[in-house]
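Novice: Below is the structure I would like to discuss, written out as structure tokens.
In our numbering, the protein residues as written are 1 to 205.
Structure follows, in structure tokens:
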């Protein structure tokens with residue numbers, strides 16, 4: 001693990017602020033619809049987008065406030081891949097499904113577009129290179145699998161699925177399971193692309 005530079009901390013401040021603002025704006029928009037802040041938080045935590053951005057906000061706040069003196073390569077890699085996945089899945093599968101306005105539109109911009117660009121950029125420029133292991137992509141794939149289990153379990157009680165590709169009632173258990181496996185494999189493939197970049201960049205430094 002390498003020491004965090006001043007420029008990396010400054011970049012972390014920007015990313016943390018954007019993530020927190022995006023989450024706060026989304027909370028405001030959701031609470032207006034639900035009529036309750038606690039209920040809005042509960043609803044928001046149904047979505048992988050919110051969970052991934054929350055991980056981003058917490059991690060980069062830790063970097064910005066010097067709570068982390070060194071960056072753990074695997075942890076940063078996992079968070080980077082998760083938020084990048086948010087952006088890619090949104091653009092390919094979810095964009096335009098819901099008409100947004102006001103605060104919800106701003107939150108959508110920050111959480112689905114801005115952080116999925118800034119965090120990978122941070123990883124490319126500031127992350128320690130040459131420290132990722134071959135097993136890391138497989139470990140990272142546990143995150144989407146755990147999320148699928150969590151989201152499906154929630155839906156078993158309230159009947160609300162966060163995304164169309166997870167809606168057991170609409171597409172059935174077989175297709176939902178296939179989608180979960182495909183998401184995990186996508187994580188693994190993306191992880192190995194990051195591992196390859198990590199090795200190449202470590203050689204050039």
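We put the CB at the ideal spot given by N, CA and C, even for glycine. As the structure is a computational prediction, the values presented were derived from the model and not from experiment.
With a threshold of 7 Å between beta-carbons, can residue 4 be considered close to chain B, or not?
Specialist: In the structure shown, chain B does not exist; there is a single protein chain.
Novice: Helix, strand or coil for residue 70 per DSSP?
Specialist: Counting from one through the chain shown, the residue named residue 70 turns up at place 70. In this structure, residue 70 counts as strand in the three-state DSSP scheme.
Novice: Does the distance from the C-beta atom of residue 8 to that of residue 148 stay below 7 Å?
Specialist: Taking the first residue of the chain shown as position 1, residue 8 is located at position 8. Taking the first residue of the chain shown as position 1, residue 148 is located at position 148. For residue 8 and residue 148, no; Cβs fall outside 7 Å.
Novice: Quick check: what's the CA-CA separation for residue 173 versus residue 10?
Specialist: Counting from one through the chain shown, the residue named residue 173 turns up at place 173. Counting from one through the chain shown, the residue named residue 10 turns up at place 10. Going from the Cα of residue 173 to the Cα of residue 10 covers about 45 Å.
Novice: To the nearest angstrom, how far is it from the Cα of residue 14 to the Cα of residue 114?
Specialist: Within the chain shown, residue 14 is the residue found at index 14, counting from 1. Within the chain shown, residue 114 is the residue found at index 114, counting from 1. Using only the alpha carbons, I get a separation of about 11 Å.
Novice: Taking the alpha carbon of residue 137 as the reference point, which residue from 105, 168, 86 and 79 has its own alpha carbon closest?
Specialist: Locating residue 137 in the chain shown gives position 137, where the first residue counts as 1. For the residues 105, 168, 86 and 79, the minimum Cα distance to residue 137 belongs to 79.
Novice: For residue 153 and residue 82, I'd like the C-alpha separation in whole angstroms.
Specialist: Looking up residue 153 in the chain shown gives position 153. Looking up residue 82 in the chain shown gives position 82. The alpha-carbon atoms of residue 153 and residue 82 are separated by roughly 21 Å.
Novice: Counting Cβ pairs, one atom from each stretch, are 3 or more of them under 8 Å apart for the region 23–35 and the region 103–122?
Specialist: Yes, they touch.
Novice: Compare the Cα-Cα distances from residue 64 to each of 5, 48, 43 and 30 and report the closest residue.
Specialist: The residue given as residue 64 occupies position 64 in the chain shown. Answer by Cα proximity: 5.
Novice: Taking the alpha-carbon positions, what's the residue 198 to residue 77 distance?
Specialist: For this step, residue 198 is matched to residue 198 along the chain shown. For this step, residue 77 is matched to residue 77 along the chain shown. Answer to the nearest angstrom: the Cα atoms are 10 Å apart.
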